[in-house]
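Participant: Start counting the sequence shown at 36; every next residue gets the next number (the numbering used here). Where is the CB? At the ideal position from N, CA and C, for every residue including glycine.
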Amino acid sequence: MAGAAVAERLIEEWRGRVRQAPRGKKTEVIKEIAKTSINPATGKPYDRATIYRMIDVTAGQKKCEREAEIPAEYIDLVAREKVEGGKMGVSKRYLTTDDAIENLEQAGLIPEGLLNRSTVDRRLREAGWNEQRGYERHEDHFVNEVHHFDMSRSEYFDSGINKAGEDIIRVDGRRGSWDYKNKEKAERKRLWVAGYIDSYSRAYLVRYFHTTGENIQTGTEALEFFWQREDELHPMVYP
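Next up, the structure:
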């Protein structure tokens, strides 16, 4: 045990200092003891949780060894304190559990000495604190297992009518929207692109529609074209 190398007389002295500390000062006494006491096993100062266990301020009073009943409200307070502390800096960085506990003890929101870092961290993990979300990637096993389909406005090309009243394809180098707010609905038709891709082979087809927007009819026509299209023998399809 960490306290085995520490004389019982010294532990009793520490215990007495903590018991005699005024209300609201016990945590400061524990911190002072931790700073000025060296663990012979590591050569470094003890942490607060170890000092709490060693001095056991309730020694001689407990009936049995068991973890104190810690209300969930106290754990929630620590979690909120950690989050609020993380909002003070430029980057997201939560307060340490020890600092959060100390702040709440000094504010009188939780009893001194009741909470320790290991217990609070365990309870936070059990509650799903800061749990990383898992993701799964779907991998296709064969062609035609999964198809992706989408329709969108053409960014660079649009349909229009020239001065002679002929239908034309024009280039929109501005990548902006064409002004047709006050035109009749029949004149609001634009160039829409229906795209279809097989997730496994990455083979894709594209079909253009001169229409006022996405609708069931154009979507059905596009899928009919993609799914019922006859095989081709073009050399670019079968190199």
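1) State the Cα-Cα distance for the pair T62 and V155, rounded to the nearest angstrom.
2) Does the beta-carbon of A114 have 16 or more other beta-carbons within 10 angstroms, so that it is buried, or is it exposed?
3) Might you give, ordered along the chain, the residues of its own chain that have their beta carbon closer than 7 angstroms to the beta carbon of A56, omitting 5 neighbours on each side?
4) Taking the alpha-carbon positions, what's the R168 to W49 distance?
5) Could you say which of Y170, S189, F260 and E116 lies nearest to E140 if we only look at CA atoms?
6) For Y170, count neighbouring C-beta atoms within 10 Å of its own C-beta (all shown protein chains included) and say buried if the count is 16 or more, exposed if not.
7) Classify A162 as buried or exposed, calling it buried when 16 or more other Cβ atoms lie within 10 Å of its own Cβ.
8) Using the Cα positions of S236 and E201, report the straight-line distance between them to the nearest angstrom.
9) Drop a sphere of 10 angstroms on the beta-carbon of E265, count the other beta-carbons inside from all chains shown, and report buried for 16 or more, exposed for fewer.
10) Check whether the segment 183-192 touches the segment 137-151, taking contact to mean three or more Cβ pairs, one atom from each stretch, closer than 8 angstroms.
11) In the DSSP output, which residue or residues are listed as bridge partners for G230?
12) Looking at the secondary structure, which residues open and close the alpha helix (DSSP H) in which V64 lies?
13) Taking the alpha-carbon positions, what's the R52 to I110 distance?
14) Using the Cβ count rule (16 or more neighbours within 10 Å means buried), how would you classify A76?
15) Report the three-state DSSP secondary structure of T77 (helix, strand or coil).
16) Whose C-beta lies closer than 7 angstroms to the C-beta of D289 among residues of the same chain, with five residues either side of it excluded?
17) Look at the Cβ atom of F261, then the Cβ atom of Y231, and state whether they are nearer than 7 angstroms.
18) State the DSSP-derived secondary structure class of T246, mapped to helix, strand or coil.
19) Under DSSP, the alpha helix (DSSP H) around E137 begins and ends at which residues?
20) Rounding to the nearest angstrom, what Cα-Cα distance links Q263 and K198 in this structure?
21) Measuring alpha carbon to alpha carbon, tell me which residue in W227, R172, N138 and P106 is nearest G248.
22) Going by C-alpha distance, which of R242, L150, E180 and D91 is nearest L45?
23) Classify F244 as buried or exposed, calling it buried when 16 or more other Cβ atoms lie within 10 Å of its own Cβ.
24) How is R128 classed by DSSP in three states: helix, strand or coil?
25) I need the straight-line Cα distance from K60 to H173, nearest angstrom please.
Facilitator: Here's the rundown:
1) For T62 and V155, the distance between alpha carbons rounds to 17 angstroms.
2) Flag for A114 reads buried.
3) Excluding positions up to five away in sequence, the list reads V64.
4) Using only the alpha carbons, I get a separation of about 44 angstroms.
5) Of Y170, S189, F260 and E116, the residue nearest in Cα terms is E116.
6) Exposed is the call here.
7) A162 should be labelled exposed.
8) Each residue's CA atom was taken as its position, placing S236 and E201 some 40 angstroms apart.
9) With a threshold of 16 other beta carbon atoms within 10 Å, E265 falls short and is exposed.
10) Contact fails: fewer than three Cβ-Cβ distances are below 8 angstroms.
11) Paired residues: D185 and V241.
12) Looking at the DSSP string, the run of the alpha helix (DSSP H) that includes V64 is K61 to T71.
13) Rounded to the nearest angstrom, the two C-alpha atoms are 28 angstroms apart.
14) A76 is exposed by the Cβ-count criterion.
15) Secondary structure at T77: coil, using DSSP grouped into helix, strand and coil.
16) The requested residue 289 does not occur in the structure, where the chain is confined to residues 36 to 274.
17) Between F261 and Y231, the gap from beta carbon to beta carbon is short of 7 angstroms.
18) In this structure, T246 counts as strand in the three-state DSSP scheme.
19) T132 to Q141 is the span of the alpha helix (DSSP H), which, as asked, contains E137.
20) CA-to-CA, the gap between Q263 and K198 works out to about 38 angstroms.
21) Minimum Cα-Cα distance from G248 among the listed residues W227, R172, N138 and P106 corresponds to W227.
22) The residue with the shortest Cα to Cα distance from L45 is D91.
23) Its Cβ being crowded by 16 or more others within 10 Å, F244 is buried.
24) Coil at R128, not helix or strand.
25) In this structure, the alpha-carbon of K60 lies about 57 angstroms from that of H173.
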